[in-house]
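Using my numbering, you'd call the opening residue of the sequence shown number 118 and step up by one each time. The next block holds one structure in the form of structure tokens; read it before the comments.
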Amino acid sequence: MVKTTRIRAYEAKDTPELTRLFYETVRSVNRAEYSEEQVEAWAPEVPNAEGWHARMLDRRTLVVEEGGEAVGFAELEGNGHLDMFYLRKDAVGRGVGRLFYQAVEREARGRGLERIFTEASLTARRFFERRGFHALREQTVSRRKVAITNVAMEKRLPPCHGEGEQDVPLYNGQNMLSLRSSDPDRY
Ligand SMILES: CC(C)(COP(=O)(O)OP(=O)(O)OC[C@H]1O[C@@H](n2cnc3c(N)ncnc32)[C@H](O)[C@@H]1OP(=O)(O)O)[C@@H](O)C(=O)NCCC(=O)NCCS
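Right under this line is the structure:
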């Protein structure tokens with residue numbers, strides 16, 4: 118069965134699903150590159166819904182849905198900092214991230230941003246390289262006294278040329294994308 122993939126703005130009802138998604142993805146998908154101790158320090162429990170709701174709202178979080186279920190989220194801050202980019206563990210490796218990233222970049226261009234920068238997990242480094250990011254440096258952060266390595270990366274967004282080429286930000290509740298997962302290159 119072909120599931121419709123849709124990208125939309127975060128809503129309050131998403132918080133329980135997204136906090137659980139984050140916890141489960143870190144504990145399983147990221148476990149490929151990080152030790153048990155590291156993923157436990159990174160995601161010790163399902164995060165507090167209230168705190169996350171406030172942050173996700175503030176950061177104008179985008180959500181990708183498949184068949185009506187939230188399967189990923191991205192937080193793009195006003196300065197171009199991509200702080201969170203996570204897919205549900207069963208959505209990984211099927212092209213959903215590629216499609217979702219295209220929407221995030223379109224959102225960034227629509228907001229007039231000149232670059233997107235992130236601290237990519239070792240798991241996501243190749244993914245972001247394929248999206249045109251380059252690594253600035255590897256760095257180690259401390260989470261609950263456990264050292265975790267990530268990669269500072271950035272992508273410069275070329276300016277739009279000519280009138281009418283400016284992308285429209287997705288985040289206004291109206292410009293939702295509906296895509297068929299069998300046809301990921303349509304967008
Ligand atoms: C990183 C992540 C968002 C990628 O999304 P995805 O849906 O799995 O990626 P896709 O299936 O769309 O793959 C897109 C491309 O990236 C490549 N890719 C994705 N994950 C990769 C990996 N771990 N290693 C190497 N290449 C990878 C794919 O081969 C594909 O290449 P192509 O564009 O040349 O075909 C997803 O795997 C994820 O949520 N990972 C765990 C959470 C995480 O680390 N997030 C980043 C925090 S900064």
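Cβ atoms here follow ideal geometry from the backbone N, Cα and C, with glycine treated the same way. Since the model is a prediction, treat every value here as computed from it, not as a measurement.
Asked	Found
Determine contact between the stretch 167 to 180 and the stretch 230 to 246, defined as no fewer than three beta-carbon pairs at a distance below 8 Å.	no
How about A252 and V263: do their beta carbons lie closer than 9 Å?	no
Alpha carbon to alpha carbon, how far is D200 from A191?	7 Å
Have a look at P275 and Q256 and give me their C-alpha separation to the nearest angstrom.	27 Å
Given V156, which residues of its chain have a CB within under 7 Å of its CB, disregarding the five upstream and five downstream residues?	V143, R144, N147, R148
Using a threshold of 8 Å, is the CB atom of M201 nearer than that to any non-hydrogen atom of ligand 1?	yes
How should V258 be labelled, buried or exposed, when 16 other C-beta atoms within 10 angstroms of its C-beta is the threshold for buried?	exposed
Going by the beta-carbon positions, is the gap between E153 and K206 smaller than 9 Å?	no
Using only the alpha-carbon positions, how far apart do L179 and L193 sit?	8 Å
Taking Cβ to Cβ, would you say G348 is nearer than 9 Å to F202?	No answer is possible for residue 348: it lies beyond the span of the chain, which begins at 118 and ends at 304.
Beta carbon of R243: closer than 8 Å to some heavy atom of ligand 2?	With respect to ligand 2, the structure shown offers nothing to examine, as its ligands consist of ligand 1.
Is S152 near ligand 1, judged by its Cβ being under 8 Å from some heavy atom?	no
Under the three-state reduction of DSSP, which class applies to V213: helix, strand or coil?	helix
Can you tell me the Cα-Cα spacing of G195 and G184, whole angstroms?	29 Å
From the DSSP output, in three-state form, read off L135 for me.	helix
Counting only the same chain and skipping the five closest in sequence on each side, list residues whose C-beta sits under 8 Å from that of A187.	D131, E134, L135, L138, V180, V181, R205
Do the CB positions of K272 and F245 come within less than 9 Å of each other?	yes
With A269 as the anchor, note down where its beta strand (DSSP E) starts and where it stops.	263 to 273
Based on the DSSP output, what are the partners of V258 in its beta bridges?	I265
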